[in-house]
Each structure stands twice: as C-alpha cells, then as structure tokens.
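In my numbering, the protein residues as written are 4 to 304. Glycine included, every Cβ here is placed at the ideal spot set by N, Cα and C.
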Amino acid sequence: DERVRVMRRRLARRAQLVRARSRVKNEIHAVLMRCLKDRPPVADLFGIKGRAWLADQQLALCERETVDAGVRQVDFLDSEIAQVERLIAANALGWPEVKRLMTVPGVNVIVAATFMAAVGDIRRFQDRRKLTAYLGLDPKVRQSGAGPANHGHISKQGSNSARHALVEACWSTVRQPGPIAAFYQRIRARRGHSIAIVASARKLACLFWCMLTRGEDYAYAQPSLTAKKMRRLELAAGAPRFKGGRHVWSTNDAMRHAERALAEQAELAYKRNVADWQATRPATAGASATQGHASQEPSKG
Numbered sequence: 004d005e006r007v008r009v010m011r012r013r014l015a016r017r018a019q020l021v022r023a024r025s026r027v028k029n030e031i032h033a034v035l036m037r038c039l040k041d042r043p044p045v046a047d048l049f050g051i052k053g054r055a056w057l058a059d060q061q062l063a064l065c066e067r068e069t070v071d072a073g074v075r076q077v078d079f080l081d082s083e084i085a086q087v088e089r090l091i092a093a094n095a096l097g098w099p100e101v102k103r104l105m106t107v108p109g110v111n112v113i114v115a116a117t118f119m120a121a122v123g124d125i126r127r128f129q130d131r132r133k134l135t136a137y138l139g140l141d142p143k144v145r146q147s148g149a150g151p152a153n154h155g156h157i158s159k160q161g162s163n164s165a166r167h168a169l170v171e172a173c174w175s176t177v178r179q180p181g182p183i184a185a186f187y188q189r190i191r192a193r194r195g196h197s198i199a200i201v202a203s204a205r206k207l208a209c210l211f212w213c214m215l216t217r218g219e220d221y222a223y224a225q226p227s228l229t230a231k232k233m234r235r236l237e238l239a240a241g242a243p244r245f246k247g248g249r250h251v252w253s254t255n256d257a258m259r260h261a262e263r264a265l266a267e268q269a270e271l272a273y274k275r276n277v278a279d280w281q282a283t284r285p286a287t288a289g290a291s292a293t294q295g296h297a298s299q300e301p302s303k304g
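Have a look at this one:
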C-alpha cells in the first residue's frame, strides 16, 4: 500500500529530526552545567521566557557561541518538524482508521499513524495474539519438554517505533479513567510500574485490533477530548483558524464531569468483573500456582 509506505517514511523522517533536536538541546544544557549555572526558572528553556533567561546568562565567548548556534539549530529543526507533521496530519485526515484510534484517550495522531504504518491492513492478523507477537509485545516462553513454561520479558520483535509509541501513549491513557487505567493499577500493585506500563501497551494494541476489526470507535471515549484532538489535527493539516467565539471543543463543566463520570463507571465495572473472576477461578490457575513458574494457561487479564 503506497499510503502506508509514504506514512512510514514521513514518520521515520520526523523521528530522525526529533532525535537531532534532542541532541542539540542536550548540548545546550551541558554548556549550562559546565558553567555551573542554576536551574532555569522556567519549565521550557526554549520558550520565549526561557530564551530570554538564556540570553541574560554570562558565559565565556566559546560557550556563548555554542549556545547561540544551538538555538539557531533548534529553530531550524522546529520548522522542519512542523512541516513534516503538517504532511502527516494531512495524510491522517483521509485515513479513517487513524481517526478511529484517536478516540482512545491519550492517543494522538503520531501514535495512531505510527501504529497503522507499522501494521497496515489489520485483516492480516487473525487474532490479537498474532498482532501482539508481530509488534514484539508478547512474552518470551522458555519450556523444556513437558515441564512448566516460564514467561519472561517481551520478545521485542517487529517494529520498534510502534512499540515505543504504544508505551508512550499509555503514559497518558492510564491517567484517564477507564478499563485500561484499572488494568494498569491492578498490574502495578503486583509487578510494579515498569511491567504494568508495558502490559498496558499490549492491552492497548489488543484494543486497537478490536476497534479496527469491528469498525467501532472507542466505547468509553470522551467526546469533548476527541473533538479537541480532531480540531488540532485539522489545524496541523493547514485548516483555517476561526477567531472569536467558542472553540469547537469548548464545553461546560457539567458536560466534562458527565463524560468523566461515564469513564469512571467503566473503570469500576472492569474492576468488579476482575474481582468476580479472581474469586471464582480455579486455585491452580495463574502464575502463582507453582513457585517460580508461570501457568501454561493464557492470562484473562
């Protein structure tokens, strides 16, 4: 599919530009550390106030040259990234699957486009397990003969960019009420944050598979947040801005609270379902059945 190939190349170019910008910013921070400068009083050193603070710092001539050159490089890279993101947004506007994935809280156009560029036609995957294996989010299995299977870290096969995008998206998704947040909290209580966030990324990939194969938007989407993301997508693609009046995503507090309450109800329902399942499951099921070994039965979480 030519559309998928074009999106892959544009996303790869954007990732390369972002890495280059990060290197330049790190170099400027290194100059400040060498010169024993205090931490900047602003969150963004490269914003308007941050640059004003940076310009007021007394630095050696060679260090000042490095900082000024770095700021110019950041400006250039910002413009290049904005141009690539405009092309990505224009492509995503005509891609219904990308917009469908964006109905999930925490999933922006870059995450959705990266996933679709890596996966292509979702019909290639007969079930969710094949998709997670393709993305390298399935656990490694070590087993000798008829002995118990040991499940280790994820395999990390397939697209590294898609896997990274899913994990990054989960940092935002788990902060929004819903079933994925409840799943993350349950895993974190037993295994810690790092394992829980990767497990949530796998759960998010499974959710994407269900949404795309069924042709449905996210059931617990918050309409005002979705409208905000869609409007930002249009603006990034070059749509005209409407000055004056209320924004398309502007909503009153009552509506926002109602949307969040529905998502919180879904989160509570998921917790109740898991609690009921755990209370009735056989005693031998689960990873704790044999000390140091994992059960060969698939997880239902």
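Inside the segment 181-230 only - alpha helix (DSSP H) runs reaching at least 4 residues: 182-194 and 196-217
The segment 108-127 in contact with the segment 172-180 per 3-pair CB rule at 8 angstroms: yes
Residue span of the alpha helix (DSSP H) that contains Cys38, given as start and end: It is not in any alpha helix (DSSP H) - Cys38 carries neither H nor E in the DSSP assignment.
is_contact[Cys213, chain B] using C-beta, thresh 7 angstroms: No chain B is part of this structure, which consists of one protein chain only.
Secondary structure of Lys274, DSSP reduced to three states: helix
Spatial distance of Leu20 from Glu83 (CA atoms): 8 angstroms
Nonlocal neighbours in the same chain, by C-beta distance under 8 angstroms from Gln294, ignoring five residues either side: With a pLDDT of 43 at Gln294, under the threshold of 50, the modelled position of that residue is not reliable, and no figure is offered here.
Neighbour-count burial assignment, Thr319, 16 or more Cβ in a 10 Å radius: Outside the displayed span of the chain (4 to 304) sits residue 319, for which this structure offers no information.
Local Cβ density within 10 Å of Ala257, reported as buried at 16 or more and exposed below that: exposed
Alpha-carbon spacing of His296 relative to Arg193, whole angstroms: Summary for His296: the model assigns pLDDT 43, below 50, so the residue's position carries little reliability; its value from the coordinates is reported in the next sentence. If I take the Cα positions, the gap works out to 16 angstroms.
Beta-bridge pairing of Ile157 - partner residues as DSSP gives them: Pro142
Opening and closing residue of the alpha helix (DSSP H) in which Gly53 lies: Ile51 to Asp59
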